[in-house]
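**Q**
Numbering (the working numbering), first residue to last: 184 to 559.
#1: Would you decide whether residue 395 is buried or exposed? Buried here means 16 or more other CB atoms lie within 10 Å of its CB.
#2: Using the Cα positions of residue 236 and residue 554, report the straight-line distance between them to the nearest angstrom.
#3: Which first and last residues belong to the alpha helix (DSSP H) in which residue 504 is found?
#4: Rounding to the nearest angstrom, what Cα-Cα distance links residue 472 and residue 520 in this structure?
#5: Can you have a look at residue 380 and say buried or exposed, based on whether 16 or more other CB atoms are within 10 angstroms of its CB?
#6: Which of the three DSSP states, helix, strand or coil, is assigned to residue 368?
#7: Please state whether DSSP places residue 557 in a helix, a strand or coil.
#8: Assuming residue 312 is part of the alpha helix (DSSP H), what are its boundary residues?
#9: Would you check if there are 3 or more beta carbon pairs closer than 8 Å linking the stretch 300–319 to the stretch 210–222?
#10: Note down the Cα distance separating residue 288 from residue 247, rounded to an integer number of angstroms.
#11: Tell me the DSSP bridge mates of residue 456?
#12: Any idea if residue 452 is buried or exposed, counting beta-carbon neighbours within 10 angstroms, 16 or more meaning buried?
#13: Starting from residue 226, follow the beta strand (DSSP E) in both directions and report where the run begins and ends.
#14: Please give me, in chain order, every unbroken run of the alpha helix (DSSP H) with length at least 4 that falls completely inside the stretch 409–449.
#15: Once you ignore the five residues that flank residue 539 on each side, which residues in its own chain have a CB closer than 7 Å to its CB?
#16: Using only the alpha-carbon positions, how far apart do residue 198 and residue 456 sit?
#17: I'd like to confirm the pairing. Which residues does DSSP put opposite residue 307 in its beta bridges?
#18: Out of curiosity, what's the CA-to-CA distance linking residue 241 and residue 498?
#19: Between which residues of its own chain and residue 337 is the CB-CB distance below 6 Å, once the five residues before and five after are set aside?
#20: Mind checking which residues open and close the beta strand (DSSP E) that includes residue 191?
#21: Is the number of C-beta pairs between the stretch 431–446 and the stretch 527–547 that are closer than 8 Å three or more?
#22: Could you give the residue range of the alpha helix (DSSP H) that holds residue 347?
#23: If contacts are defined as beta-carbon pairs under 8 Å, then residue 506 and residue 464 qualify, I think. What distance do you get, rounded to the angstrom?
#24: By Cβ distance below 7 Å, which residues in the same chain neighbour residue 225 in space, the five residues on each side in sequence not counted?
#25: Taking only the alpha-carbon atoms, compute the straight-line gap between residue 431 and residue 418 and give it to the nearest angstrom.
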């Protein structure tokens, strides 16, 4: 059986920003190679990628992550049969989830007698097809006057995975047999150089303050940094096909993930910094053995050159490191593609065929299609 893995390596410069902050409001950082680096968590960039799917994938093929799953299923039950009221439909929805092994909690009535809808104890990721499946078995069992079968409930919750569920996976604490292994992995993005966070001291003026009041209506600080980030993600194409069950769906999912991951950005403090950029360089490799994160190219922090910044040195290091790694381990990629802008990224030409984002997706579709065919 052949194996197909797609690795994405990205160099992206970001101006003063606070893309992803910690509990104190400071931009997240990490120590790597003995120096403090800017960091954007994998969760933040996966969330941004999922949000970008809305413009690339039909809503019916996307999942929903919420605690309010009983309400979703109840609404679907009422779509199937309008004779069910809210109370009965929620009762059936909760029963279907519990038969699947998912605990449902019904909040206690408030002092005014109002009752909040039932919820699961944690965020549950379901495809829209799975919501419809659970609603259907609940209605069918109720009409037949029988209990919902556990096997049917589990099957309903574990077939018809959405694209984002297949890519990012699902953990169900109450029912581990409903877990879905992620087929996409995203690394924490880190700067290729050392960073020191800075502070923006700001004031706000009260438009209605008296004329003799020269003071500010508000004073504060915002912490920020600027960086050239190395970003990495990988997709297990074979696992993705197994989860989606269709070659066409797999090819479309790969294309959507690549476009969404490349062009997305976490929204932290965007209104303050307007820091939305696109990558200066994207290197995509298709492998048949294992995924390879090339962050080791930047274990020694890049030092800025007064005349050329950090991007040229980062590009040269990435190209050299990738070439040496493939030579040392005798693991040449099946294919390589390079999307880049500017002369500073020229060293990356050694890693593959130059493409645009549109032609990249076309090339990947052809390679993935051939590989999936070879593995069937």
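Ideal Cβ placement from N, Cα and C applies to all residues, glycine included. Quantities reported herein were computed from a predicted structural model and do not represent experimental measurements.
**A** Judging by the given coordinates:
#1: What you label residue 395 is simply residue 212 of the chain shown in a count that begins at 1. An exposed status is given to residue 395, since fewer than 16 other beta-carbon atoms sit within 10 Å of its beta-carbon.
#2: Within the chain shown, the letter at position 53 stands for residue 236. Within the chain shown, the letter at position 371 stands for residue 554. Residue 554 has its alpha-carbon roughly 24 Å from the corresponding atom of residue 236.
#3: By 1-based counting over the chain shown, the position of residue 504 is 321. Residue range 494–512 is occupied by the alpha helix (DSSP H) that includes residue 504.
#4: The count along the chain shown starts at 1 and reaches residue 472 at position 289. The count along the chain shown starts at 1 and reaches residue 520 at position 337. Straight through space, the alpha carbons of residue 520 and residue 472 are spaced by roughly 18 Å.
#5: Residue 380 sits at position 197 when you count from the first residue of the chain shown. By the C-beta density criterion, residue 380 is exposed, having fewer than 16 other C-beta atoms within 10 angstroms.
#6: One-based indexing of the chain shown puts residue 368 at position 185. In the structure shown, residue 368 sits in a strand (DSSP, three-state: E or B).
#7: Here residue 557 refers to the residue found at position 374 of the chain shown. Low confidence applies to residue 557: its pLDDT is 44, below 50, so where it sits in the model is not reliable enough to give any reading.
#8: Locating residue 312 in the chain shown gives position 129, where the first residue counts as 1. DSSP places residue 312 inside the alpha helix (DSSP H), whose first and last residues are 311–327.
#9: The answer is no - the stretch 210–222 does not touch the stretch 300–319, with fewer than three Cβ pairs under 8 Å.
#10: If you number the chain shown from 1, residue 288 lands on position 105. If you number the chain shown from 1, residue 247 lands on position 64. Distance between the alpha carbons of residue 288 and residue 247 is about 19 Å.
#11: The count along the chain shown starts at 1 and reaches residue 456 at position 273. Residue pairing from DSSP leaves residue 456 without any beta-bridge partner.
#12: Residue mapping note: residue 452 aligns to position 269 of the chain shown, counting from 1. Classification for residue 452: buried.
#13: Within the chain shown, the letter at position 43 stands for residue 226. That residue, residue 226, is in no beta strand (DSSP E); its alpha helix (DSSP H) goes 225–236.
#14: Runs found: 420–427, 430–446.
#15: Within the chain shown, the letter at position 356 stands for residue 539. The beta carbon of residue 539 sits closer than 7 Å to those of 522, all from its chain and outside the five residues before and after it, given in chain order.
#16: Here residue 198 is taken as the residue at index 15 of the chain shown, counted from 1. Here residue 456 is taken as the residue at index 273 of the chain shown, counted from 1. One C-alpha to the other measures close to 8 Å.
#17: In the chain shown, counting from the first residue as 1, residue 307 sits at position 124. According to DSSP, which records beta bridges pairwise, residue 307 is partnered with 249.
#18: Within the chain shown, residue 241 is the residue found at index 58, counting from 1. Within the chain shown, residue 498 is the residue found at index 315, counting from 1. Residue 241 and residue 498 have their alpha carbons spaced roughly 36 Å apart.
#19: Counting from 1 along the chain shown, the entry for residue 337 is found at position 154. Contacts found: 283.
#20: In the chain shown, residue 191 corresponds to position 8, counting from 1. Element bounds for residue 191: 188–200.
#21: Taking 8 Å as the limit for Cβ pairs, the verdict is that the stretch 527–547 does touch the stretch 431–446.
#22: Working through the chain shown from its first residue, we reach residue 347 at position 164. Where residue 347 is concerned, the enclosing alpha helix (DSSP H) stretches over 346–351.
#23: As a first step, residue 506 is located in the chain shown; it is residue number 323 there, counting from the start. As a first step, residue 464 is located in the chain shown; it is residue number 281 there, counting from the start. Between residue 506 and residue 464, the beta carbon gap of about 15 Å keeps them out of contact (Cβ cut-off 8 Å).
#24: Position 42 of the chain shown, counted from the first residue, corresponds to residue 225. Result list for residue 225: 369, 370, 371, in chain order.
#25: Position 248 of the chain shown, counting from 1, holds the residue named residue 431. Position 235 of the chain shown, counting from 1, holds the residue named residue 418. For residue 431 and residue 418, the distance between alpha carbons rounds to 16 Å.
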